[in-house]
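Engineer: Heads up: the sequence shown runs through residues 558 to 785, numbered per the working numbering.
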Amino acid sequence: MEPLASLRDEDVDEFTHLVLEHELAVASAYIDVVRARGISAERVIMELLAPSARKLGQLWEDDLRDFLDVTIGLSRIQHLLHAVSPAFQSEIDKGAAKHSVLLAASPGEQHTLGLMIVEEFFRRSGWDCAGNVDAGLEEVVNIVAAQSFDVIGFSTSCEVLLGGTASAIEAVRKSSRNRKVIVMVGGPLFRADPDLVSRIGADACADDGSHALNKLNCLLAPNLSSLR
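1. In chain order, what residues of the same chain lie with their CB nearer than 7 Å to the CB of Ser609, ignoring the 5 residues before and after it?
2. Do you know offhand how far Lys612's Cα is from Glu648's?
3. Can you tell me whether Phe624 is buried or exposed? The criterion is at least 16 other CB atoms within 10 Å of its CB, across all chains shown.
4. Restricting to Cα atoms, I'd like to know which of His579, Ser563, Gln615 and Glu618 is closest to Val591.
5. Near Leu616, what residues of its chain come up, given a Cβ to Cβ distance below 6 Å and the 5 sequence neighbours on each side ignored?
6. Does DSSP put Asp685 in a helix, in a strand, or in coil?
7. Near Ser732, which residues of its chain fall below 6 Å by C-beta distance, leaving aside the five closest residues on each side in sequence?
8. Which residue marks the beginning of the beta strand (DSSP E) containing Val740, and which one marks its end?
9. Quickly, what does DSSP pair Ile709 with across the bridge? List them, please.
10. Go ahead and pull the three-state DSSP assignment for Ala759.
11. Indicate whether Gly758 and Ile709 have their beta-carbon atoms separated by less than 8 Å.
And the structure:
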């Protein structure tokens, strides 16, 4: 069988159905079949797991699935992300750690799978990643006060959380051991309205892990020696 050029919408639909209606092992076996077709671990994450998670969210917003169904489905996708992670991390030689990042969900944010995927990209590229995506603001503030980071990243999925995100950014800037820390935000809101980035006090935004790395490499390269 020839390797597929990409995963299709039908694959995402089928996989979403599996994580909703079947035990974890069934969805895991589906990923094994996809990988056997020549699909890389990176593409499994970006073209299957991530869009399936978004589809689950859309099903809930459209009242086609209840909160419990979606929560169970997302939990299964998170387990599968962890299962795919070793293959994903081995796809490139990351070398020694070159930068450090703390990733956190904005206060009140319930959706953390996207942030976990972003963390996978940072780790694979040799970044030193710290913290817990489920950490509260107080814990995040304590971490950045005790340890210097090049970048602090927040994920925000909906407009009602923007006020809390702005307050969190202000708090980490005041407490950050690195006075020139770069604050990056991610989420569909910023893609739709890039001006939100500066309005809440952030320095940059990114659509996904690959985009975040490319942007940060450009931002960090000129001033590496003066960032700490």
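Backbone N, C-alpha and C define an ideal beta-carbon position, used for all residues, glycine too. Fair warning: this is a prediction, and the values are worked out from it, not measured in the lab.
Structural biologist: Reading it off the structure:
1. Here residue 609 is taken as the residue at index 52 of the sequence shown, counted from 1. Around Ser609, the same chain offers Val569, Phe572, Thr573, Val576 and Ile634 as residues with beta carbons nearer than 7 Å, after the five sequence neighbours per side are excluded.
2. As a working mapping, residue 612 is identified with position 55 in the sequence shown. As a working mapping, residue 648 is identified with position 91 in the sequence shown. In this structure, the CA atom of Lys612 is about 27 Å from the CA atom of Glu648.
3. Numbered from its first residue, the sequence shown carries residue 624 at position 67. By the neighbour-count rule (16 or more Cβ atoms within 10 Å), Phe624 is not buried but exposed.
4. On the sequence shown, residue 591 is found 34 positions in, with the first residue counted as 1. Closest by alpha carbon: Ser563.
5. Working through the sequence shown from its first residue, we reach residue 616 at position 59. Closer than 6 Å at Cβ, skipping near neighbours: Arg622.
6. Locating residue 685 in the sequence shown gives position 128, where the first residue counts as 1. DSSP places Asp685 in strand when its eight states are reduced to three.
7. Sequence index remark: in the sequence shown, residue 732 carries index 175 (1-based). Closer than 6 Å at the Cβ level, and outside the excluded window around Ser732, lie Val698, Val701 and Ala702.
8. Position 183 of the sequence shown, counting from 1, holds the residue named residue 740. Ile739 to Gly743 is the span of the beta strand (DSSP E), which, as asked, contains Val740.
9. Along the sequence shown, one-based indexing puts residue 709 at 152. Residue pairing of Ile709 in beta bridges, as defined by DSSP: Leu659 and Val740.
10. The sequence position of residue 759 within the sequence shown is 202, counting from 1. Of the three classes helix, strand and coil, the one that applies to Ala759 here is coil, per DSSP.
11. The residue given as residue 758 occupies position 201 in the sequence shown. The residue given as residue 709 occupies position 152 in the sequence shown. Cβ distance not < 8 Å, so Gly758 and Ile709 don't count as in contact.
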